[in-house]
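Counting in the working numbering, the sequence shown runs from 7 upward without gaps.
Even glycine gets a Cβ: it sits at the ideal position worked out from N, Cα and C.
From a predicted model like this one, the values you see are computed outputs, not experimental measurements.
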Amino acid sequence: MPILDTIKEQWAESLARITASASTVDLEQVRIDILGKKGSLTALLRSIGQIPAEERGPMGKAINELRDKVEAALAERKEALAASELEARLSAEVLDITLPGRSRPIGTQHLISRVTEEVVEIFRGLGYQVIDGREVETAYINFTALNAPADHPSRSPKDTFYVVDRSGDTQSIRGESEVLLRPQTSTAQVHAMQDRELPLYILSPGRVFRRDTADPTHLPQFSQIEGIVVDKGITFGDLKGTLEYFCKQMFGEDRATRFRPHFFPFTEPSAEIDVACGFCGGAGCRSCGGTGWLEILGCGMVDPNVYGHVGIDPEEYSGFAFGMGVERIACLKYNIPDLRMLLEGDMRFLRQF
Ligand code: DAH
7 MPILDTIKEQ
17 WAESLARITA
27 SASTVDLEQV
37 RIDILGKKGS
47 LTALLRSIGQ
57 IPAEERGPMG
67 KAINELRDKV
77 EAALAERKEA
87 LAASELEARL
97 SAEVLDITLP
107 GRSRPIGTQH
117 LISRVTEEVV
127 EIFRGLGYQV
137 IDGREVETAY
147 INFTALNAPA
157 DHPSRSPKDT
167 FYVVDRSGDT
177 QSIRGESEVL
187 LRPQTSTAQV
197 HAMQDRELPL
207 YILSPGRVFR
217 RDTADPTHLP
227 QFSQIEGIVV
237 DKGITFGDLK
247 GTLEYFCKQM
257 FGEDRATRFR
267 PHFFPFTEPS
277 AEIDVACGFC
287 GGAGCRSCGG
297 TGWLEILGCG
307 MVDPNVYGHV
317 GIDPEEYSGF
327 AFGMGVERIA
337 CLKYNIPDLR
347 MLLEGDMRFL
357 RQF
């Protein structure tokens with residue numbers, strides 16, 4: 007067969023195979039069959055040697071042209087196949103972005119922390135400094151330095167948790183160095199007056215512990231916030247103005263409050279502040295024991311006997327102190343009927359705040 011016919015035939019055949027190949031893998035095989043070491047076109051190129059010398063030029067040129075055309079056809083087909091293969095893969099491996107993801111729930115601040123912060127912010131605005139207290143104290147700091155008489159009932163292990171448990175031993179007067187879990191944040195008053203420069207405008211939030219069984223109005227562990235002011239010329243008027251301002255900030259201008267005389271060993275005179283019951287609006291209901299009022303804090307002018315324990319001259323300085331229960335305030339502000347709800351960890355309850 008004349009060589010030109012062979013070239014034509016090879017071109018037709020190669021093009022047909024290239025066009026018919028269905029994948030890049032198939033196409034590679036076609037390429038090897040044509041251009042590989044034993045490929046048909048390679049054989050043709052080699053046959054040039056047998057051609058008479060005078061015909062070699064044009065024949066060689068024709069074969070080289072054929073090779074160029076085959077290579078171009080292969081490249082073009084390869085590109086088309088690769089594109090459609092990629093397309094197919096992309097649609098097969100597509101991610102279903104409509105599947106719900108794994109959510110990471112973000113917690114919220116606990117109501118006790120939030121109310122503590124609200125109180126702290128109000129007093130910060132008045133220039134108070136916030137200090138930490140100690141949860142473990144001595145009987146001296148918690149009772150004696152706070153002017154509690156030796157036979158005060160709260161010294162009893164029936165009321166206070168002692169670190170060395172002597173439950174049952176209710177008669178003995180406890181030694182000054184006896185270690186206990188503080189039942190009140192008032193201990194912070196003693197540390198503040200002992201350790202700090204006067205004047206003092208201090209707030210100290212923290213946990214306290216009492217030997218109570220949990221019920222709607224009692225918890226064996228709860229939170230208090232203590233306040234203490236010592237400066238020159240502080241009067242009961244300062245106490246009243248400060249705490250009335252606090253109540254209005256905390257409960258709103260419209261909520262009624264009242265001062266009621268009371269007794270605390272470490273203040274004289276002492277008072278309690280009541281806030282109008284949020285359940286009945288002051289008419290009297292079960293939550294407020296029919297009185298229309300709920301007690302929120304104790305307060306008073308620092309007793310001169312306390313100054314004696316901390317080395318402050320009561321002729322020169324005077325001051326007032328106050329202490330409030332955080333859970334109590336949270337319940338009053340948000341009308342929560344049972345203190346225990348704050349500690350149960352029920353998310354349906356906690357998420358509401
Ligand atoms: N420590 C008292 C209590 O736990 C509350 C209290 C009353 C604190 C009067 C005070 C205060 O600072 O002056 O019931």
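Whether Ile279 touches Thr297 by CB criterion (7 Å): Not closer than 7 Å, so no.
Presumed contact (8 Å Cβ cut-off) between Glu182 and Ala145, rounded CB distance: In this structure, Glu182 and Ala145 form a Cβ contact; the two beta carbons are roughly 6 Å apart against a cut-off of 8 Å.
Just verifying my parser: in three-state terms, what is the DSSP assignment at Thr263? Correct three-state label for Thr263: strand.
Using only alpha-carbon positions, find the residue among Ile208, Ser162, Asp201 that is nearest to Asp218. That would be Ser162, whose Cα lies nearest to the Cα of Asp218.
Name the residue from Glu99, Val36, Arg108, Arg213 whose alpha carbon lies nearest to the alpha carbon of Ala79. The shortest Cα separation from Ala79 among Glu99, Val36, Arg108, Arg213 belongs to Val36.
So who's on the other strand from Leu303, going by DSSP bridges? DSSP, once it has assigned bridges, lists Ile279, Met330 as partnering Leu303.
Endpoints, alpha helix (DSSP H) assigned at Thr360: The question about residue 360 has no answer here: the residues shown for the chain are numbered 7 through 359.
Residue nearest to Gly247 in terms of C-alpha spacing, selected from Leu132, Glu141, Ile9: From the listed residues Leu132, Glu141, Ile9, the smallest Cα separation to Gly247 is found for Leu132.
What are the partner residues of Ser324, as DSSP defines its beta bridges? Per DSSP, Asp237.
What do you reckon, is the C-beta of Cys305 under 6 Å from a heavy atom of the ligand DAH? Yes - the ligand DAH has a heavy atom lying nearer than 6 Å to the Cβ of Cys305.
Under 6 Å from any heavy atom of the ligand DAH, does the C-beta of Gln200 make it? Gln200 Cβ: outside cutoff for every heavy atom of the ligand DAH.
Report the option in Glu232, Gly107, Leu101, Ala86 whose CA atom is closest to the CA atom of Val126. The residue with the shortest Cα to Cα distance from Val126 is Glu232.
For Phe328, verify whether its CB is less than 6 Å away from any heavy atom of the ligand DAH. Yes, the ligand DAH has a heavy atom inside 6 Å of this Cβ.
CA-to-CA distance, Val316 to Ser178, given in whole angstroms: Only weak support exists for where Ser178 lies, its pLDDT of 49 falling under 50; the value from the coordinates is given anyway. Approximately 26 Å between the Cα atoms of the pair.
Would you grab the beta carbon distance between Leu204 and Val236 for me? Rounded to a whole angstrom, and I think it's under 8 Å. Correct: roughly 6 Å between the Cβ atoms.
Taking the Cβ atom as the reference point for each residue, do Thr166 and Pro189 lie within a distance shorter than 7 Å? Closer than 7 Å, so yes.
Within 8 Å, do at least three Cβ pairs link the stretch 287-296 to the stretch 307-315? At 8 Å Cβ cutoff, the stretches do not touch.
Beta-carbon within less than 6 Å of Leu72's beta-carbon, same chain only, minus the 5 sequence neighbours each way: which residues are those? Same-chain partners within the cutoff: Ile13, Trp17.
For the candidate residues Ile57, Gln56, Ile38, whose alpha-carbon lies nearest to that of Thr48? Considering only Ile57, Gln56, Ile38, the residue with the shortest C-alpha distance to Thr48 is Ile38.
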